[in-house]
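Below: one structure, written as structure tokens.
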Amino acid sequence: MYRKQVRRRRAVLALLVLGSFGLLTLTYGRGSNGLQRGVSAIFSPVESAADRALKPARDLVNWFDETFDARGENSRLHDEVRKFRDEAVAGQAAVAENEQLKKMVELDETVPSGYRPVSGRVIARSPTVWFADVTIDVGSADGVRVEDPVVNGDGLVGTVSAVTGSSAAVTLIADGSSAVSGRVVPLGVEGVIRPSVGDPNDLILDFIDSARHVHAGLSVVTAGWRTEALASRFPPNIPVGEVTEASIVEQEAQQQVHLRPFADLRNLDLVQVLTGGSRG
Amino acid sequence: MILTPKILARLVLIGLVGVLLQVSFFSQVALFHVSPDVLPALVVSIGLLGGSLTGAVSGFSVGFLLNSLLIEPLGGGSLVLLGVGYLAGIFRERFEIRSTFGAPVLCAAGTLLAELGFGAVALMLGIDSGVSPLVLRDMLLKSAFAFILGWPVYAGVRRALRPALVEEDSGARQRRRPTVLGA
């Protein structure tokens, strides 16, 4: 009797393990499937309601975390304010010039031309440190498509990796699978921005241009390259982050700099999906 | 554990509420920059109370629902959490938990194991980028949070499944005063 029970238990376990591997093989890299769309259709309203209902409690817990941080950041911010004041004065002239240039090329002030922003709210987030993705409450019914770029008020957040009718999965730029072509401004050095898995405050820009020395404090934006047949999924000039550390390795042709993303990837609430656009 | 339709419904409800709370609340709050993960603790608690088979099936279902809600590839969460639930159940079948710290310690260990499992799944699927040493700190902090959350989670699951627990019944029987004939 006991042996029979053990055999049955092992059989069920083997079935579940095989089922997991089977599901992983069938669904990996294929976006959303019918089952997920069904589950999402049922649970999206519940998730949205739970997200809104639990926001005050979340804010309370996050307030404690931010208070701990604020102590250390106070003196650093004082120094930064002084530095930015100097930069702001110098930047005003550049802003005036930029406004004129923008009018000349008829660029939209906030959204890259050809893109239609769709606002969404983060309703769920992956619990593990290994995957950086969130679920938002807008989906294909709102015009969201796979690979649409996602931004917030501070800068680039990620890309849409799967869509259902009423929700979408956004793979953040801190996820291990993310790669964004970026450009250091004003130097113009271009490279690929990759994450450092497990640390959403650290991105790494790999580039091949040992002649130009990138230094801390410079900003990095999306490169938004385009060829005849292909185009980057990101429009150009979306702010990504600020260079925090740049080591100069003369011997190596490929250089690396560390960036801190402008968007706070740990605390995302409202985001914008840039739908449409003209990708090759 | 005696599985009746009513208990099965309770298990489903516990799983649903647990996953919804995780993705909508725990994953979106941070203490010391780390979000608590309550799901391994939940699966460990079910495994400890229900045995290896119940733990494995619960882990598989909770992982499946988690992946579905996050619109992630299915199977990764199921694979990791079914292993955690199964091991918790095996532990319960081989050893007796006497200490009040037993369940929270196992919840912490289960969370650490789950994070290592998720790491293995991520590596299996291919990580093109470097891995920060902060991952280790995050995993240890998640385990510490799981130790703290393990108390209420285990107590809550135990309370919800009380009618199905054989040990609870026998304990109650032992506490009952004996009937003295002729007294």
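Chains as they are written, first to last, in the numbering used here: chain E, -12 to 267; chain B, 63 to 245. All C-beta atoms in this analysis are idealised placements derived from N, C-alpha and C, irrespective of residue type, glycine included.
**Report entry** Buried or exposed (CB count within 10 angstroms, at least 16 for buried), E:R277
**Finding:** No answer is possible for residue 277 of chain E: the residues shown for chain E start at -12 and end at 267.
Query raised in the report: Alpha carbon to alpha carbon, how far is B:V106 from B:L131?
Result: Start at 1 with the first residue of the second sequence, and residue 106 of chain B comes out as number 44. Start at 1 with the first residue of the second sequence, and residue 131 of chain B comes out as number 69. Taken atom to atom, the span from the alpha-carbon of B:V106 to that of B:L131 is near 21 Å.
Query raised in the report: In terms of residues, what are the limits of the beta strand (DSSP E) holding E:R108?
Result: Walking along the first sequence from the start, residue 108 of chain E turns up at place 121. Looking at the DSSP string, the run of the beta strand (DSSP E) that includes E:R108 is Y102 to R112.
Query - Partner residues on chain E for B:L93, Cβ-Cβ distance less than 8 Å - result: By 1-based counting over the second sequence, the position of residue 93 of chain B is 31. Near B:L93 (Cβ distances below 8 Å), the residues of chain E are V48, F51 and D52.
Query - Buried/exposed call for B:Y148, threshold 16 Cβ in 10 Å - result: By 1-based counting over the second sequence, the position of residue 148 of chain B is 86. Using a 10 angstroms sphere on the CB of B:Y148, the tally of other CB atoms reaches 16 or more, which defines it as buried.
Query raised in the report: Any idea which residues DSSP pairs E:D193 with across the strands?
Result: Sequence index remark: in the first sequence, residue 193 of chain E carries index 206 (1-based). Answer by DSSP bridge pairing, in chain order: E:V179 and E:Q243.
Query - Touch test, the segment 125 to 134 of chain E against the segment 75 to 85 of chain B, Cβ-Cβ under 8 Å, three pairs minimum - result: no
Query raised in the report: Among E:E177, E:S183, E:V179 and E:L143, which has the Cα closest to the Cα of E:D162?
Result: Counted from its first residue, the first sequence places residue 162 of chain E at position 175. Out of E:E177, E:S183, E:V179 and E:L143, the CA that lies nearest to the CA of E:D162 is found in E:S183.
Query raised in the report: In chain order, which continuous runs of the alpha helix (DSSP H) of length 4 or greater are located wholly inside the segment 140 to 195 of chain B?
Result: 164 to 187
Query raised in the report: DSSP on E:T146, reduced to helix/strand/coil?
Result: Start at 1 with the first residue of the first sequence, and residue 146 of chain E comes out as number 159. DSSP places E:T146 in strand when its eight states are reduced to three.
Query raised in the report: Taking 8 Å as the CB-CB cut-off, is E:G163 touching chain B?
Result: Within the first sequence, residue 163 of chain E is the residue found at index 176, counting from 1. So, interface residue.
Report task. Please go through the same chain and pick out, in chain order, the residues whose beta-carbon is closer than 7 Å to the beta-carbon of E:E134, but skip the five residues on each side of it. Result -> Residue mapping note: residue 134 of chain E aligns to position 147 of the first sequence, counting from 1. By the criterion of a C-beta distance shorter than 7 Å, E:E134 is surrounded in its chain by T146, V147 and R220, once the five residues flanking it on both sides are discounted.
Query - Between the CA atoms of B:A222 and E:S31 - distance to the nearest angstrom - result: Along the first sequence, one-based indexing puts residue 31 of chain E at 44. Along the second sequence, one-based indexing puts residue 222 of chain B at 160. Looking at the two C-alpha atoms, the distance is approximately 26 Å.
Query - Supposed contact pair B:G212 and B:A150 - C-beta distance, whole angstroms, cut 8 Å - result: Indexing the second sequence from 1 puts residue 150 of chain B at position 88. Indexing the second sequence from 1 puts residue 212 of chain B at position 150. Actually they do not touch by this definition, with Cβ atoms about 11 Å apart.
Query raised in the report: Which two residues bound the contiguous alpha helix (DSSP H) that contains E:A161?
Result: Taking the first sequence and counting its residues from 1, one reaches residue 161 of chain E at position 174. Segment: none, E:A161 is in no alpha helix (DSSP H) and carries neither H nor E.
Requested in this report: Provide the residue(s) that pair with E:A156 in DSSP beta bridges, ordered along the chain.
Outcome: Looking up residue 156 of chain E in the first sequence gives position 169. According to DSSP, which records beta bridges pairwise, E:A156 is partnered with E:T122 and E:A149.
Query raised in the report: In whole angstroms, what is the alpha-carbon distance linking E:Y102 and E:T151?
Result: By 1-based counting over the first sequence, the position of residue 102 of chain E is 115. By 1-based counting over the first sequence, the position of residue 151 of chain E is 164. Roughly 20 Å separates the two Cα atoms.
Query - CB contact flag (E:G107, E:V208, <8 Å) - result: As a first step, residue 107 of chain E must be located in the first sequence, where it is residue number 120. As a first step, residue 208 of chain E must be located in the first sequence, where it is residue number 221. No, the Cβ-Cβ distance between E:G107 and E:V208 is not below 8 Å.
**Report entry** Beta-ladder partner(s) of E:R170, from DSSP
**Finding:** Position 183 of the first sequence holds residue 170 of chain E. Per DSSP, E:E177 and E:V208.
Query raised in the report: Say the cut is 7 Å; is the CB of E:T158 nearer than that to a heavy atom of the ligand FMN?
Result: Looking at this structure, you won't find the ligand FMN or any other ligand, since it has none at all.
Query raised in the report: When burial is assigned at 16 or more other CB atoms within 10 Å of the CB, is E:R170 buried or exposed?
Result: The residue given as residue 170 of chain E occupies position 183 in the first sequence. Result: buried.
Query raised in the report: Interface residues of chain E around B:L136 at Cβ under 9 Å?
Result: For the purposes of this step, residue 136 of chain B is taken as the residue at position 74 of the second sequence. Residues of chain E passing the Cβ test: S7, L10, L11, L13, T14, Y15, N20, L22 and Q23.
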